[in-house]
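What follows is a single structure, written as structure tokens, with notes after it.
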Amino acid sequence: MKHELVKLIDLSRCTACRGCQIACKQWNELPASKTNNFGSYQNPPDLQSNTWTLIRFQEHVDANGRLRWLFRKDGCMHCTDAGCVKVCPTAALYHTEFGSVSMHADKCIGCKECIYACPFGVPKYDAATNKISKCDLCYTRLAANQPPACVLSCPTGTLAVGTKDEMLAKAHARVKELGGDASVYGDKFVDGTHVIYVLTEKPGVYDKLPESPKVPLSIIVWKDVLKPAGLLAAGGVVAGAFLHYITHGPKTPDEETTSEGGNKL
Amino acid sequence: MKKGMIKATGPFERVVHWCLALSCLFLCITGMGMMYHSLNFIGTIFGGMGNLKVIHNYTGIFFGVSLFFAIVMWWKEAGLFSFPEDGQWIAAAGGYLWHVDNMPEVGKYNPGQKMFFLAVALFGIAMVISGLIMWFPLSYSVEMVRWMFALHALGYVVIFAFFFVHLYLVTIGAPGSAPAMFTGWVTRGWVKVQHPKWLKEMEKDGTLVVYGEDKAAGKKRC
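Chain order of the listed sequences is C and S.
Here numbering that gives the first Met the number 0 is used: position 245 in the first sequence is 244, and no number is missing along the way.
Here numbering that gives the first Met the number 0 is used: position 1 in the second sequence is 0, and no number is missing along the way.
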């Protein structure tokens with residue numbers, strides 16, 4: 000059966016050394032792209048098809064007028080109710096036995112639907128390969144009973160991996176210790192993510208971190224309502240037509256008018 | 000061709016109809032291959048899901064062009080309702096569902112056909128636009144692209160269901176209809192039953208073309 004694993008990111012311990020960002024590129028053989036300095040240590044500016052995890056640097060002035068420098072490791076949250084898995088037409092995106100969301104790259108047809116289904120903006124498209132890509136929580140490493148590359152590289156104890164219960168207990172204990180605005184993020188929506196944060200500030204404070212992420216309504220209408228409705232409507236029409244034929248009968252010209260090419264008056 | 004058959008459609012009309020119909024059906028099949036995992040085997044026929052997507056997209060362009068000609072050709076006759084007779088026809092469900100004594104006489108297109116035309120025209124346009132945005136989504140806002148997926152699915156639900164209504168009526172539901180879109184010639188009896196007002200109009204205007212007679216002879220008939 001499922002052996003659910005959760006990655007815990009305790010942001011109170013992150014020093015933004017970006018070791019995880021490099022370890023990810025190294026293990027997954029993701030070369031760097033040329034980039035631009037946009038006045039921040041955050042580099043590259045956003046997640047990319049070859050940057051699956053990224054430390055976001057954010058200058059934040061809190062309610063007391065105190066300047067805080069916030070670091071957040073961004074990347075796939077590995078949702079249980081995953082929008083990307085829901086929309087993927089080829090089942091290229093799938094849930095692994097660890098509960099994480101992985102991808103069969105050979106099945107991806109580059110339709111980009113997952114990009115729009117993801118509430119976190121994670122999947123990125125690569126025009127060169129015509130495929131999307133994203134973090135797979137180092138599936139091959141998990142399968143070999145090894146921690147993900149980012150977790151292994153982390154020198155401060157920000158990152159940890161373990162069973163869901165273990166990680167949640169650890170996260171809640173840490174939040175209690177921190178007090179203030181600290182909270183656990185990830186266990187309360189999309190049926191629980193397999194990446195969980197300990198946030199030191201309120202969730203709304205962080206750049207690109209939705210306060211209450213969910214599979215978008217349009218995606219639910221599309222996949223949970225209209226997709227079955229297509230078959231139900233067509234099936235209903237076929238059944239209705241048959242019923243019409245055997246009860247009411249077809250609308251047929253009578254024999255007199257039909258004979259001889261229907262030329263009789 | 001039997002003598003006395005009546006000309007219902009011209010060759011251009013039939014070509015446009017079949018371009019639209021076959022591309023529409025092909026789009027339904029290939030689209031369903033992508034919508035339902037259990038139908039992914041349809042992709043295999045074309046050499047994989049990637050090819051299926053490419054074929055679906057380019058067929059969509061063909062469909063869009065066919066739809067353009069269909070709308071230009073038919074909107075005046077099939078896209079506008081004429082009152083009050085179309086209202087009465089709709090209230091009586093065209094006499095298709097229960098017995099109706101005094102049906103208003105139907106012209107070239109009955110309101111059911113008009114509804115089908117309008118559904119294909121409006122949702123067809125929506126399919127082309129939403130399909131193009133889905134094909135090249137990266138330059139549009141996230142929220143809009145999300146709703147385009149839903150719109151594309153809604154168009155499929157409507158058009159696919161209407162397709163079966165159409166299929167039933169032109170085959171066993173109203174026998175004698177199909178030849179209008181194959182040979183273009185239908186029987187006088189069929190026209191009298193299905194489109195009596197149209198027959199009278201053509202006789203009055205002298206536009207009735209009867210097989211085996213010249214046009215003038217057709218005119219003499221009334």
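Each residue gets a CB set at the ideal place from its N, CA and C atoms; glycine is no exception.
Looking only at its chain, what residues have a beta carbon closer than 6 Å to the beta carbon of residue i, apart from the 5 residues adjacent to it on each side?
i              : result
L312 (chain C) : Outside the displayed span of chain C (0 to 264) sits residue 312 (chain C), for which this structure offers no information.
F161 (chain S) : F115 and A118
V5 (chain C)   : K163, M166, H193 and I195
S152 (chain C) : G18, C19 and A22
N129 (chain C) : G109
L38 (chain S)  : M31 and G32
C75 (chain C)  : V121, K133 and C134
A148 (chain C) : A22, C23, W26 and C137
Q87 (chain S)  : P103
G59 (chain S)  : G130
Measure from the C-beta of residue i to each C-beta in chain S and report whether the shortest distance is under 8 Å.
i              : result
I21 (chain C)  : no
V100 (chain C) : no
Y93 (chain C)  : no
V236 (chain C) : yes
T50 (chain C)  : no
S217 (chain C) : yes
E112 (chain C) : yes
K250 (chain C) : yes
P88 (chain C)  : yes
Y124 (chain C) : yes
A240 (chain C) : yes
V60 (chain C)  : no
V84 (chain C)  : no
H247 (chain C) : yes
V189 (chain C) : no
DSSP on residue i, reduced to helix/strand/coil?
i              : result
F119 (chain C) : coil
L79 (chain S)  : coil
S196 (chain S) : The sequence given here places Lys at residue 196 (chain S); Ser does not occur at that position. Helix, per DSSP.
D204 (chain S) : helix
A20 (chain S)  : helix
S129 (chain S) : helix
I108 (chain C) : coil
F37 (chain C)  : coil
R140 (chain C) : helix
D85 (chain S)  : helix
W51 (chain C)  : coil
G42 (chain S)  : helix
C19 (chain C)  : helix
A92 (chain S)  : helix
F241 (chain C) : helix
L137 (chain S) : helix
T157 (chain C) : coil
Output needed for residue i: all residues of its chain with C-beta closer than 8 Å, excluding positions within five of it in sequence on either side, in chain order.
i              : result
I54 (chain S)  : T29 and F45
V144 (chain S) : I132, M133 and P136
A116 (chain C) : G82, C83, K85, V86, V214, P215 and I218
Y138 (chain C) : T95, F97, S99 and S101
Hey, is residue i's beta-carbon within less than 8 Å of any beta-carbon in chain C?
i              : result
Y57 (chain S)  : no
H194 (chain S) : no
P174 (chain S) : yes
L117 (chain S) : no
Y95 (chain S)  : yes
V156 (chain S) : yes
G49 (chain S)  : yes
M126 (chain S) : no
Y108 (chain S) : no
A177 (chain S) : no
Quick check: residue i and residue j, are their CB atoms within less than 8 Å of each other?
i              : j              : result
P103 (chain S) : I89 (chain S)  : no
H264 (chain S) : G106 (chain S) : Residue numbering for chain S in the displayed model covers 0 to 221; residue 264 (chain S) lies beyond these limits and cannot be assessed.
A120 (chain S) : I70 (chain S)  : yes
K133 (chain C) : M102 (chain C) : yes
V156 (chain S) : G234 (chain C) : no
T199 (chain C) : A181 (chain C) : yes
I54 (chain C)  : A15 (chain C)  : yes
T170 (chain S) : M4 (chain S)   : no
A7 (chain S)   : A179 (chain S) : yes
W51 (chain C)  : E58 (chain C)  : no
Report back the beta-carbon spacing between residue i and residue j to the nearest angstrom; my notes put them in contact at under 8 Å.
i              : j              : result
H171 (chain C) : V189 (chain C) : With a Cβ gap of about 19 Å, H171 (chain C) and V189 (chain C) do not count as contacting.
M0 (chain S)   : W184 (chain S) : 6 Å
V197 (chain C) : S11 (chain C)  : 6 Å
T311 (chain C) : G191 (chain C) : Outside the modelled stretch of chain C, which goes from 0 to 264, sits residue 311 (chain C), for which no answer is possible.
M34 (chain S)  : K226 (chain C) : 6 Å
S32 (chain C)  : P43 (chain C)  : 7 Å
Kindly list the residues whose CB is nearer than 7 Å to the CB of residue i, restricted to its own chain and excluding five residues on each side of it in sequence; keep chain order.
i              : result
K2 (chain S)   : Y210 and G211
H151 (chain S) : M126, S129, G130 and M133
S211 (chain C) : F188
C113 (chain C) : C83, V86, C87, L92, P122 and I131
T34 (chain C)  : N42 and P43
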